[in-house]
Amino acid sequence: MTESTDTPPDLARSATPDATPDSVGELVCSARGCRAEATWGLLWNNPTLHTPSRRKVWLACDAHREHLEQYLGARSFLRGTVPVRELDVLTDEPPAGGTPAR
Numbered sequence: 001m002t003e004s005t006d007t008p009p010d011l012a013r014s015a016t017p018d019a020t021p022d023s024v025g026e027l028v029c030s031a032r033g034c035r036a037e038a039t040w041g042l043l044w045n046n047p048t049l050h051t052p053s054r055r056k057v058w059l060a061c062d063a064h065r066e067h068l069e070q071y072l073g074a075r076s077f078l079r080g081t082v083p084v085r086e087l088d089v090l091t092d093e094p095p096a097g098g099t100p101a102r
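Numbering (the working numbering), first residue to last: 1 to 102.
Set out below in structure tokens:
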């Protein structure tokens with residue numbers, strides 16, 4: 001991921017989710033360094049890379065929800081925010097590092 005020159009480096013680093021896989025079934029906030037339980041799913045896509053119907057998901061705890069929404073919103077990537085309990089209804093994609101159920 002390339003950081004834009006208009007974003008202060010500290011903000012870009014703090015808003016970019018960690019890429020480490022979590023245990024299966026564990027819903028952990030995507031904010032860098034946060035290990036809190038996720039309560040929100042931030043639905044997004046990058047229109048340069050993804051079809052309009054494609055949705056990627058970042059997970060957020062209550063403390064990081066607004067910050068991650070602002071990060072995605074500033075790039076016009078944010079498509080919506082839903083409680084995590086609604087995510088399995090919205091997407092059939094496996095979680096990062098996971099495999100689809102058969």
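Note that beta-carbon positions come from the ideal geometry of N, C-alpha and C, so glycine has one too.
Q.
Rounded to whole angstroms, what is the Cα-Cα separation between arginine 79 and asparagine 45?
A. On the sequence shown, residue 79 is found 79 positions in, with the first residue counted as 1. On the sequence shown, residue 45 is found 45 positions in, with the first residue counted as 1. If I take the Cα positions, the gap works out to 7 Å.
Q | aspartate 10 classed as buried or exposed, judged by whether at least 16 other C-beta atoms fall within 10 angstroms | A | Here residue 10 corresponds to residue number 10 of the sequence shown, with the count starting at 1. Unreliable positioning characterises aspartate 10 in this predicted model, as indicated by a pLDDT of 44, which lies under 50. A coordinate reading is not provided.
Q. Whose CA, out of Glu86, Pro83, Val84, Phe77, lies closest to the CA of proline 52?
A. Against the sequence shown, residue 52 aligns to sequence position 52. The candidate whose alpha carbon is nearest that of proline 52 is Phe77.
Q) Under a Cβ-count criterion, where at least 16 other Cβ atoms within 10 Å of its own Cβ denotes burial, should arginine 103 be classed as buried or exposed? A) Lying outside 1 to 102, the shown extent of the chain, residue 103 is not represented and no answer is given.
Q) For glutamate 86, which three-state DSSP category applies? A) For this step, residue 86 is matched to residue 86 along the sequence shown. Helix at glutamate 86.
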